[in-house]
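Numbering (our numbering), first residue to last: 265 to 637. The beta-carbon is built from N, C-alpha and C at its ideal position, and this holds for glycine as well. For reference, the structure discussed in these notes is given below.
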Ligand SMILES: *Cc1c(COP(=O)(O)O)cnc(C)c1O
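Shown next, in the form of structure tokens:
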């Protein structure tokens, strides 16, 4: 049976093509394609204003931004992190010669369980790398207190949390450094791209050095760096998309509300939580299926929805410590909540161009699949 419709799990936002072309016109005058060009500078300024943040440094992607953040803080030994994320988070730790120490997550919002962090701190611990997963803010106050008590640095992987606020303060106000990803699949994008947000003195210079081979002048290389520069075409896309981000998030809010009301009465289906004081960006819509209560498991729901043209993702499955490249060292990590969540979660389609009929279709078919038990 051919499905009537087809829904990807996400759909990259694109601005009107003419606007992008117009934004790139200047490049043909200056022949300045990359290396801190005028659009790059303009995009940095625009982000500071839009987000109300003190400092931002742009990168060609979020992963290298995270990599540079770790390098710039000169971390050593062990880093306490979440097993429940995208590969990038742990890879950035390991690629820097550091050991990840996996801390379990909370069942309601899937962020790192702050109550377990202290039991994992050792004399070798230098930092906490936590993730605002799906845009759910970590327990930032508690984590700040733990870090202070033990003299640890805090980095947030805020790849999912662009533009969010907690009590009207930018979410990036917490932690020493926060990383945003502007990948095409994220709520806000610059095709590929990323940024570090921070306030600490001296970091801007370190970041600018590290992302450009450590070069400080035509005849001086001060540091061992890499190439992680955002180019002018990325900056142009970012600048144009910034004009539309508020609308995109508002459209996603409608989808979110449609899903919340449509799916709330299905037994065994856990929906996203919304905490007071947080302005969310609706970057993902994860649902967690309890097979006992639902009478159907995640794999069955995944396949059945696929047959209706609704593409979902097992995001995040497998769990990072269970990857082929990590299993041997970290497969025994005691993270039961994360492991159970990974075996039960699905993210369902979430993007601004889904209209009311699309949401009805998706809700109705999830109901049909789950109430067939
Ligand atoms: C997307 C993502 C990254 C990496 O960002 P890129 O811009 O794709 O390099 C890192 N962490 C998380 C949680 C992500 O979702």
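| Query | Result |
| --- | --- |
| Short Cβ contact (9 angstroms threshold) for residue 456 with residue 291 | no |
| Residue 523 beta carbon less than 9 angstroms from that of residue 549 | yes |
| In DSSP terms, what residue 476 is bridged to | 491 |
| Proximity to residue 320 [Cα-Cα], best of 334, 304 and 331 | 304 |
| Rounded separation between residue 427 and residue 451 - CA only | 10 angstroms |
| Proximity test, residue 373 beta-carbon vs ligand 1 heavy atom, cut-off 8 angstroms | no |
| Residue 366 CB to nearest heavy atom of ligand 1 below 8 angstroms | no |
| Under 9 angstroms between C-beta atoms of residue 314 and residue 355 | no |
| Limits of the alpha helix (DSSP H) - the one that residue 503 falls within | 496 to 506 |
| Sufficient close CB pairs (3 or more, under 8 angstroms) joining the stretch 392 to 405 to the stretch 627 to 637 | no |
| Three-way DSSP call (helix, strand, coil) for residue 417 in this model | strand |
| CA nearest to the CA of residue 446, picked from 438, 324 and 510 | 324 |
| Heavy atom of ligand 1 within 8 angstroms of residue 423 beta-carbon | yes |
| As assigned by DSSP and simplified to three states, the class of residue 458 | strand |
| Neighbour-count burial assignment, residue 605, 16 or more Cβ in a 10 Å radius | buried |
| For residue 426, the three-state DSSP class (helix, strand or coil) | coil |
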